[in-house]
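Residue numbers (my numbering), protein chains in the order written: chain W, 1 to 414; chain B, 1001 to 1135.
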């Protein structure tokens, strides 16, 4: 049994994740729902306990020792996360609740100020609802128009159509770097260059890419990039927005209150500098610190290794899955343009029934529309089952997954 | 929930649903969806001449094996029953009908969608407001 890939020592990594020792329905837990959220290594869990048991205090205000320690650790976490995506400065890294809040921040602070009546916003058909609904609301508020770049039959952005839509001179082009359903890895660098040439501001949804591959905002050349901590070994409730400094400086604040102001008088207030202008109120200090530890853990593994590991798992899984008749896999089959996400349907087995039967075998997958209903409508299916991989998954996990799949096949007699 | 549950009863109803189709003319037409998974059930009912019982009932819909089998079995069970009988239908009745004692919180909603549709239809016909029970 090949337990580890050449790039990640899975046995060692697995030991870092306490939850992977638990049993589900009497079976070893095989966690393949990583595109929804990932498990947490002990170092991240310990960082939260350490903060609350040793130096819990509010940041940026107090002059007492605990506040100094909390502020230093919080700000050093910002530096770690900024470095992880190669942000030129850590001031351009704003802590948010996650991808959804980051996108809403841009919608409110940038869109609210700069999008005008008649403007075009261009997104793609493969977006998660979180990179779709905020723009639907914004165009409604502004009398602007939302255009969707269609996708090809193998689940890639239709580049001819994308180019045609760029001719409409959109004010914003927002797209996912990796589809949470199809696994498609979009060439963010190329798309941003094209969008920039058309005069657009760009937003990259890195919720499914930042956890799984090297992401470099300077190389991509985007204006905004957003991601969630919980999908990359970090705690829930924390994520980030990267934004180019000039843009962040020109934007309106998102939420208002304490910490985001420089001075307040009875007739008004002056905004604080970035990133604090966008971090109103007491922020999620503990989880921001946890995210810093998570990106350190990932950096120690090496993001290139993480990516190679998932490609190897994909290759192994595709090889096994290709032997199962009546199995449909959605998205590109070329490993280099695909993240470690496999959405599939087997004969007439409904995804929920599939997920229930797999759960009995201790295999956790996701089923449903994956917050991408327009994409499901386009594919003309009610939903898919989805297995998604991460650093602690081994080829043995894939064997267990395939075994459970064959059981579902036999239960449904297909 | 065990996969034997699928094997024994549900699959046959999933693949060959009884009372599947539209009913014309009908006195009751109700439809609902489960926004979480996109399951969709519509039921049509012809009420007896005495206006107090279910004479004919059919359904259409799409969804998982549990939601479709539940809808199909429910139409079989409801046929000929007094409208008042619908009001008393409980979660336990449905689990018993499906031949299981505990579907679990993740899947019970699939089974209960058709019950909700039936209740909304009958309550509306009776001129009453149906309030979904709180957990």
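No residue lacks a Cβ here, since even glycine has one placed at the ideal position from N, Cα and C. Just so it is clear, the structure is predicted and the values come from calculations on it, not from any experiment.
Item: What three-state label does DSSP hand residue 126 of chain W in the structure shown?; Value: coil
Item: Give the residues of chain W in contact with residue 1107 of chain B, contact being defined as C-beta atoms less than 8 Å apart.; Value: 352 and 356
Item: Could you check if residue 63 of chain W is buried or exposed, using at least 16 other CB atoms within 10 Å of its CB as the buried criterion?; Value: exposed
Item: Does the Cβ of residue 322 of chain W have 16 or more other Cβ atoms within 10 Å, making it buried, or fewer, making it exposed?; Value: exposed
Item: Look at residue 172 of chain W and residue 151 of chain W and say whether their C-beta atoms are less than 8 Å apart.; Value: no
Item: Is the beta carbon of residue 1023 of chain B closer than 8 Å to that of residue 1056 of chain B?; Value: yes
Item: Within 8 Å of any Cβ in chain B, is that where the Cβ of residue 369 of chain W sits?; Value: yes
Item: From the DSSP secondary-structure annotation, give me the bridge partner or partners of residue 218 of chain W.; Value: Paired residue(s): none; residue 218 of chain W is not in a bridge.
Item: Are residue 1083 of chain B and residue 1115 of chain B closer than 8 Å when you measure CB to CB?; Value: no
Item: From residue 61 of chain W to residue 76 of chain W, what distance separates their C-alpha atoms?; Value: 16 Å
Item: Among residues of its own chain, excluding the 5 on either side of residue 1014 of chain B, which ones have a beta-carbon nearer than 7 Å to its beta-carbon?; Value: 1065, 1068 and 1069
Item: Please give me, in chain order, every unbroken run of the alpha helix (DSSP H) with length at least 4 that falls completely inside the stretch 108 to 196 of chain W.; Value: 133 to 142 and 159 to 166
Item: If we count Cβ pairs, one from each stretch, closer than 8 Å, do we get three or more for the stretch 1043 to 1052 of chain B versus the stretch 1098 to 1111 of chain B?; Value: no
Item: Express the C-alpha separation of residue 174 of chain W and residue 45 of chain W in angstroms, rounding to a whole number.; Value: 33 Å
Item: Taking residue 185 of chain W and residue 22 of chain W to be in contact with their CB atoms under 8 Å, please state how far apart those CB atoms are, rounded to whole angstroms.; Value: That pair is no contact at about 32 Å.
Item: Just by C-beta distance, which residues in the stretch 374 to 391 of chain W are closer than 9 Å to chain B?; Value: 376, 382 and 383
Item: Can you confirm whether residue 1062 of chain B, when its beta carbon is compared against all beta carbons of chain W, has any partner nearer than 8 Å?; Value: yes
Item: Helix or strand or just coil, what does DSSP make of residue 17 of chain W?; Value: coil
Item: Just grab the DSSP bridge partners of residue 1020 of chain B for me.; Value: B:1059
Item: Which partner residues does residue 201 of chain W have in the DSSP bridge list?; Value: W:172
Item: On the criterion of 16 or more Cβ atoms from any shown chain inside 10 Å, does residue 300 of chain W qualify as buried, or is it exposed?; Value: exposed
Item: For chain W, check one thing: does any of its Cβ atoms lie closer than 8 Å to the Cβ of residue 1038 of chain B?; Value: yes
Item: Residue 1091 of chain B CB to nearest chain W CB: under 8 Å?; Value: no
Item: Under 8 Å Cβ to Cβ from residue 147 of chain W, same chain only, skipping five residues before and after it: list those, please.; Value: 120, 121, 122, 123, 165, 168 and 170
Item: Measuring alpha carbon to alpha carbon, tell me which of W:97, W:311, W:320 and W:130 ends up nearest residue 374 of chain W.; Value: W:130
Item: Between residue 1 of chain W and chain B, is any beta-carbon pair separated by less than 8 Å?; Value: With a pLDDT of 40 at residue 1 of chain W, under the threshold of 50, the predicted position of this residue should be treated as unreliable, though the coordinate-derived value follows. So no, residue 1 of chain W is outside the interface.
Item: Just how far apart, CA to CA, sit residue 3 of chain W and residue 13 of chain W?; Value: At residue 3 of chain W, the pLDDT of 49 sits below 50, so the modelled position is not reliable; the number obtained from the coordinates is stated separately. Residue 3 of chain W and residue 13 of chain W: Cα-Cα distance of roughly 12 Å.
Item: Listing by chain order, which chain W residues have their CB less than 8 Å from the CB of residue 1030 of chain B?; Value: Ordered by position in chain W, no residue passes the 8 Å Cβ test against residue 1030 of chain B, which lies about 21 Å from the chain.
Item: Are residue 229 of chain W and residue 220 of chain W closer than 8 Å when you measure CB to CB?; Value: no
Item: Where does residue 2 of chain W sit, in a helix, a strand or coil, going by DSSP?; Value: With a pLDDT of only 45 at residue 2 of chain W, under 50, the local geometry of the prediction cannot be trusted, and the value read off the model is given with reservation. Correct three-state label for residue 2 of chain W: coil.
Item: At what residues does the alpha helix (DSSP H) containing residue 1116 of chain B begin and finish?; Value: 1108 to 1125
Item: Give, in chain order, every residue of the stretch 207 to 228 of chain W whose Cβ lies closer than 7 Å to some Cβ of chain B.; Value: none
Item: Suppose you measure from the CA of residue 142 of chain W to the CA of residue 1107 of chain B; what does that come to, to the nearest Å?; Value: 41 Å
Item: Is residue 1082 of chain B helix, strand or coil by DSSP?; Value: strand
Item: What does the alpha-carbon distance come out to for the pair residue 53 of chain W and residue 31 of chain W?; Value: 30 Å
Item: How many Å lie between residue 1132 of chain B and residue 1021 of chain B at the Cα?; Value: 26 Å
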